[in-house]
Amino acid sequence: MKSYITPYLTLLALLLVSCKTDYAELPTYTGNEQLQAVIETPAGSNHRLIYDQEQKAFVNDIMAGQDRVVQFLPYPANLGFIPSTEINRNGKGLEVLVLSERLETGTVAEVLPVGLMQLETDGELQHIVVAVPARPSERHIEATNYRALSVEYPAVKKILEEWFANANPAANTNFVGWRDERFAEKEIQRWMRL
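So in my numbering, the last spot in the sequence shown is 1068, and the numbers never skip.
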C-alpha cells in the first residue's frame, strides 16, 4: 500500500512548491489603480534580504561571499521593490522605501509615492521611490505628496539622506537629490515591464 501513497505525496509536494507566489510578476498597480510594494527588508533590520526570482524566495543578500549585514543603524523604513518593474538585465525591480511601521518580508502593500531619492553609488545613479501606506489608518507620516513631506517632515528627508550615505561605506554612496511624486510616477512608468 505504501507504494501507491508515495507517488501521490511526491506529486502533492511538487504542486505545493510550484504554487509559490512570484512576487516579481505581481502587477505594478492593483485593480483599483493603487501602486504595490513588495517588502524585502523590514524596518529595524540590519540584515539585507532580497527576492530571488529563480528560487521565488526571499534570501540574504550576499556581499563579499557573506550575508550582507548593515554595520550601521538598522534600516529606518521598509525596503523593497515595485513588482513588474525591471531596472537592469538581472531583473532587479525599482526600489521602494515604505515609511511605516515594520512590515514583514513578503508583505505586499498598497502605497502612495511621496517622492524619489536619488543616490550615486559607485558612479551609478540609483533611484529609490519613497512611499507611505495608501490606507490612512496605516500611516504615521501624514504626508501624501512631496510638498507635505518637505514642509511637515523635513527631518525624515535628512535622516534618509544620512542613512543611505553611511549605511555601506564600501559602496561609496552619495546623496544626489530629491524629486517629487510626479517624477517618481514617471520613473515607475519608465521601468514597468510591458
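Ideal Cβ placement from N, Cα and C applies to all residues, glycine included.
Residue i to residue j span [Cα, whole Å]
i	j	result
Tyr903	Thr959	11 Å
Val1003	Ala1058	6 Å
Met1066	Ile961	9 Å
Gln945	Asn1042	8 Å
Glu928	Gly980	16 Å
Ala931	Ile913	12 Å
Thr1047	Glu998	9 Å
Leu953	Tyr897	14 Å
Buried or exposed (CB count within 10 angstroms, at least 16 for buried), residue i
i	result
Ser1011	exposed
Phe955	buried
Ala911	buried
Arg1064	exposed
Pro916	buried
Pro957	buried
Asn964	exposed
Leu1068	exposed
Glu899	exposed
Glu1061	buried
Met991	buried
Val1025	exposed
Ala1070	An answer regarding residue 1070 cannot be provided, because it is not within the stretch 875 to 1068 covered by the chain.
Counterpart residues of residue i in DSSP-defined beta bridges
i	result
Phe932	Tyr925
Thr895	DSSP output for Thr895 lists no bridge partner at all.
Trp1052	Met991
Ile1002	Glu969, Met991
Phe955	Val912, Glu969
Val985	Leu909, Pro1007
Val943	His921
Same chain, Cβ closer than 7 Å to residue i, neighbours up to 5 away in sequence not counted
i	result
Trp1037	Leu947, Pro950
Glu1035	Phe1049
Tyr1027	Ile1015, Ala1017
Gln988	As written in the sequence, residue 988 is Val, which differs from the Gln given in the question. Here the set comprises Val1004, Ala1005, Val1006, Ala1017, Thr1018, Asn1019, Tyr1020, Leu1023, Glu1055.
Asp996	Ala1045, Asn1046
Residues near residue i by beta carbon distance below 6 Å, same chain, minus five either side
i	result
Gln1000	Leu993
Arg922	Thr915, Asp935, Arg942
Lys966	none
Val933	Asp926
Arg1053	Leu990
Gly1051	Gln992
Chain-order list of residues whose beta-carbon lies under 8 Å from that of residue i (same chain, five-residue window excluded)
i	result
Val985	Gln908, Leu909, Gln910, Ala911, Val970, Val972, Ala1005, Val1006, Pro1007, Ala1008
### Task
Examine the Cβ distances between the stretch 994-1009 and the stretch 967-983 and report whether three or more of them are shorter than 8 Å.
Enough Cβ pairs lie closer than 8 Å, so yes.
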